[in-house]
Amino acid sequence: MILLLPPAYKCFGRYGVKKEEYEDAIEPMQAELVGMARWAKATGQRIVVIFEGRDTAGKGGAIQAVREALNPRQCRVVALSKPTEAEQTQWYFQRYIPHLPSAGEIVLFDRSWYNRAGVEKVMGYAAPEQVSAFLAQAPLFEKQLVEDGILLFKYWLGTDQTEQEERLRERLEDPLKRWKLSPVDLAARDKYDAYTEAREVMLAATHTDWAPWTLVDFNDQKRGRLTLVRDLLDRLPDTAVEPTTIDFPPLAREPQAEHYGVLQPIASYVPEDRD
1304 MILLLPPAYK CFGRYGVKKE EYEDAIEPMQ AELVGMARWA KATGQRIVVI
1354 FEGRDTAGKG GAIQAVREAL NPRQCRVVAL SKPTEAEQTQ WYFQRYIPHL
1404 PSAGEIVLFD RSWYNRAGVE KVMGYAAPEQ VSAFLAQAPL FEKQLVEDGI
1454 LLFKYWLGTD QTEQEERLRE RLEDPLKRWK LSPVDLAARD KYDAYTEARE
1504 VMLAATHTDW APWTLVDFND QKRGRLTLVR DLLDRLPDTA VEPTTIDFPP
1554 LAREPQAEHY GVLQPIASYV PEDRD
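This is the structure we're talking about:
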């Protein structure tokens, strides 16, 4: 059975989690994530987390919630662009393999090999026989990863079409978010049902004992992030590794002020007077 995580933290009410409430809830979880990263480094664990879901569901925000407090040298985000001409001639999974983690690393896939079962299928970028081959091969590929010791977590983020439309319009109207709105996003607006059908076929073929899917409601993105991060932490083994003790003696002299000789800093920014 697919694990469907309901919206958590009912104490926040049904109309969304406020910023202050979210920050109070996510901070201790991020402290646990730091501990998880310390455990992964100490034990040589390799962790892969896949973020899939609807356009605008909030994959970027969920990824940021996981990686925000972690060392970027240890925790990498992989968000591949469309395949090159050379990559289109390769075995489909080949271009993802170099991005898998080494010992002690955490890799977060902002979309993944499941593009083939989603956008490529729905938008006609992949032939039906290519999609069928993928659905047959993906469980075997993932079984090899898990049997080799990789901890693999697969999340699918869902949102209603009404909420999706509001977020697309926000991207259109906000110049800071316009880059998120692609022609594919616009073309996909009329394919909500097709994406639903593709998702169900994907889940039926690739939800396995060794690499199960977890579905998370992201109609409220803050609540969704909290639900996802809490679930990820709860599914990891006991990650208690004490931090290394660091001796931090006082300075042997008075602290010095910064000073310059060859060059001087540029003038500090001063907000314009808007009165």
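Those letters in the sequence shown? Residues 1304 to 1578, by the numbering used here. Just so it is clear, CB atoms sit at the ideal spot from N, CA and C, and this is done for glycine as well.
Asked: Let me confirm a value: V1434 is counted as buried when at least 16 other C-beta atoms fall within 10 Å, else exposed. Which label applies?; Found: buried
Asked: For a test of the three-state rule: what should DSSP assign to K1321, helix, strand or coil?; Found: coil
Asked: How would you label A1382, buried or exposed, when you count the other beta carbons within 10 angstroms and need 16 or more for buried?; Found: exposed
Asked: Among R1481, E1326, R1398, P1375, whose alpha-carbon lies nearest the alpha-carbon of K1385?; Found: R1398
Asked: Pairs of beta-carbons, one from the segment 1489–1498 and one from the segment 1428–1445, closer than 8 Å: are there three or more?; Found: no
Asked: Note down, in chain order, each residue of its chain lying with its Cβ closer than 6 Å to the Cβ of T1509, except the 5 sequence neighbours on either side.; Found: A1441, P1442
Asked: In terms of DSSP beta bridges, what is D1523 paired with?; Found: According to DSSP, which records beta bridges pairwise, D1523 is partnered with nothing at all.
Asked: So D1358 and Q1467 are supposed to be a Cβ contact under 8 Å. How far apart are they, rounded?; Found: 7 Å
Asked: What are the start and end residues of each continuous beta strand (DSSP E) run of 3 or more residues lying completely inside the segment 1489–1549, in chain order?; Found: 1516–1520
Asked: Mind checking which residues open and close the alpha helix (DSSP H) that includes R1470?; Found: 1464–1476
Asked: Who are the near neighbours of G1361 in its chain, counting only those whose CB is closer than 8 Å to its CB and skipping five residues on each side?; Found: L1460, T1462, F1521, Q1524, G1527, R1528
Asked: Return the chain-ordered list of same chain residues with a C-beta closer than 8 Å to the C-beta of N1374, the five sequence neighbours on each side being excluded.; Found: A1340
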